[in-house]
Amino acid sequence: MAKKELLLGAVAAGLLLSGAAAPAFAAKGEGKHHQRHAAMIERLDTNKDGKVSSDEFKANATAAFKTFDADGNGQVTKDEIKARHAAFKAARKAVHDAADTDKDKARQALHAAGPFMLPGAGKMFDRADTDKNGSLSQAEVLAAADTIFARRDGNKDGALDTADAGSMKGKGHHGKGHHGKGGEERAERMLKRLDTDGDGKVSQTEMLAQATKTFERFDADKNGEVSKAEVDARREAFRDARKAFREVKSSDDEARKAAREALGEARMDRMGARMFERADADKNGTLTKAEMETAVAALFKQRDRNGDGFLTQDEIGKHHKR
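Counting from 1 along the sequence shown, just add 65 to a position and that's the residue number in our numbering.
Here is the structure:
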């Protein structure tokens, strides 16, 4: 029973506090992080000494630049980046759609079609494009690679190895953890969403009201239980909202604002969907409203560290083991 309550507390965290991982899953998340880090080291460690030097990291960035620079003009444009990302999605979809007997072959094709990552692409593009000409030169990509390498080299020994995985744990894209500015802003947004009476804190009643609202949104057939099919439907709704947001023209401010708000709501559902699957401890494929209410009470007690019956922004934003 204790295990299920802990897991149900985690699903409540997903439903209520979208964007902040519940403590119950720290070990699992850490495992995935270390696996990805180890896979990166294996891929980039060309001399097989168990670590990745700055030269190896930049050599990989140079190779990626040549792949992305489809027309060979020494510049990578946003269109070329989009083309590589589209190729990745197609190759990944091929893996997903392949029959079990063909999975390995599809994965090999995905690997052979790479690289699909380029330092300076994505959210870093505008910062990496230092001359503001709308494209990335090899020098700009290598400069971005230096920035990324320095951020990942947590122990500052001039190489990336397994020790750096631990030092990066819990950090965001800019090396800031939940206690940095980004974490504070997320906690503030969560507080505003839950604090319906506007007194600057969240009561258990307010928390339960939000959880009930979210549960009812998941419970499409209104039978008092949330099934896996209903969870999958909310996940699909998130994908649709994300696609709609991407397709809105940047010049249409009102439509973009509406699409962003819809995406924000759908993103909460995506987090709730992930947590739901982990919370279904008895694997019966459903979560009842009574189980949800028990989970809310357990989560509230866990977060209310001073025991005053309210959650402050600090208590919402920080995670401590009890």
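Just so you know, even glycine gets a beta-carbon here, dropped at the ideal spot from N, CA and C.
message: Below 8 Å on the Cβ atoms is my contact criterion, and I expect Ala209 with Ala193 to pass it. Report the Cβ-Cβ distance as a whole number of Å.
response: Contact flag correct, Cβ pair sits at about 4 Å.
task: Tell me Ser200's beta-bridge partners as DSSP assigns them.
output: Under DSSP, Ser200 takes part in a beta bridge, and its partners are Thr142.
- request: Return the chain-ordered list of same chain residues with a C-beta closer than 6 Å to the C-beta of Glu271, the five sequence neighbours on each side being excluded.
  value: Counting only Cβ-Cβ distances below 6 Å, and skipping sequence neighbours, we find Leu259, Thr261.
- request: Measure the alpha-carbon distance for Phe190 versus Ala178 and round it to whole angstroms.
  value: Between Phe190 and Ala178, the C-alpha separation is close to 23 Å.
message: Would Phe375 and Ser268 be called neighbours here (beta carbons separated by less than 7 Å)?
response: The answer is yes: Cβ separation under 7 Å.
- prompt: Taking the alpha helix (DSSP H) that Thr351 falls in, what are its first and last residues?
  reply: Boundaries for Thr351: no alpha helix (DSSP H) harbours it, while the beta strand (DSSP E) harbouring it runs 351 to 353, taken from the DSSP string.
Exposed unless 16 or more other CB atoms sit within 10 angstroms - verdict on Gln275: When all chains shown are included, Gln275 counts as buried.
task: Quick one: give me the first and last residue of the beta strand (DSSP E) that Val296 is part of.
output: From DSSP, Val296 is part of no beta strand (DSSP E) but of the alpha helix (DSSP H) over 293 to 312.
- request: Pull up the distance between the alpha-carbon of Asp162 and that of Arg101, whole angstroms please.
  value: Here the alpha carbon of Asp162 sits roughly 23 Å from the alpha carbon of Arg101.
Rounded separation between Met182 and Ser119 - CA only: Near 17 Å, if we compare the C-alpha coordinates of Ser119 and Met182.
field: Ala224 - partner residues in DSSP beta bridges
entry: DSSP, once it has assigned bridges, lists Ser118 as partnering Ala224.
message: Less than 7 Å between C-beta atoms, sequence neighbours within five positions excluded: which residues of the same chain meet that for Thr377?
response: Answer for Thr377: Lys266, listed in chain order.
message: So if DSSP puts Leu376 in a beta bridge, which residue, or which two residues, is it bridged to?
response: According to DSSP, residue pairing for Leu376 in a beta bridge involves Val267.
message: So the candidates are Glu312, Arg307, Met357; which of them puts its Cα closest to the Cα of Thr279?
response: If we check each option's Cα against that of Thr279, Met357 comes out closest.
- request: Less than 8 Å between the CB atoms is what I'm expecting for Asp218 and Gly115, so what's the real figure, rounded?
  value: 15 Å between Cβ atoms; not a contact.
At least three beta-carbon pairs within less than 8 Å, the stretch 199 to 208 to the stretch 136 to 145: Contact between the stretch 199 to 208 and the stretch 136 to 145 is present: three or more C-beta pairs spanning the two stretches fall below 8 Å.
- prompt: CB Val313 to CB Leu352, shorter than 7 Å?
  reply: Taking 7 Å as the Cβ cut-off, Val313 and Leu352 do not qualify as a contacting pair.
message: Which residues does DSSP list as the beta-bridge partners of Glu290?
response: Its beta-bridge partners are Thr353.
- prompt: Is it buried or exposed for Asn125, if we count other Cβ within 10 angstroms and need 16 for buried?
  reply: Buried.
- prompt: By how many angstroms is the C-alpha of Ala152 removed from the C-alpha of Gly240?
  reply: Confidence at Gly240 is low in this model, with a pLDDT of 42, below 50, so the placement of that residue should be treated as unreliable; the coordinate-derived value is given next. C-alpha separation (whole angstroms): 29 Å.
message: By alpha-carbon positions, which one of Ile146, Asp167, Ala360 ends up nearest to Thr277?
response: Minimum Cα distance to Thr277 is reached at Ala360.
- request: For the alpha helix (DSSP H) holding Arg192, just list the boundary residues, first then last.
  value: Per DSSP, Arg192 belongs to the alpha helix (DSSP H) from 190 to 193.
field: Bounding residues of the alpha helix (DSSP H) (the contiguous stretch that carries Leu175)
entry: Element bounds for Leu175: 168 to 178.
- prompt: Can you list, in chain order, the residues of its chain whose CB lies under 7 Å from that of Glu380, leaving out five sequence neighbours each side?
  reply: Excluding its 5 nearest sequence neighbours in each direction, Glu380 has C-beta neighbours in its own chain below 7 Å: Arg368, Asp369, Arg370, listed in chain order.
task: Measure the C-alpha to C-alpha separation of Ala164 and Lys154 and round it to an integer number of angstroms.
output: Straight-line Cα distance between these residues: approximately 18 Å.
query: Going by other Cβ atoms of all chains shown within 10 Å of its Cβ, with 16 needed for buried, is Arg108 buried or exposed?
result: Burial call: exposed.
query: For Gly187 versus Glu205, is the C-beta distance shorter than 7 Å?
result: Taking C-beta atoms as the reference points, Gly187 and Glu205 fail to come closer than 7 Å.
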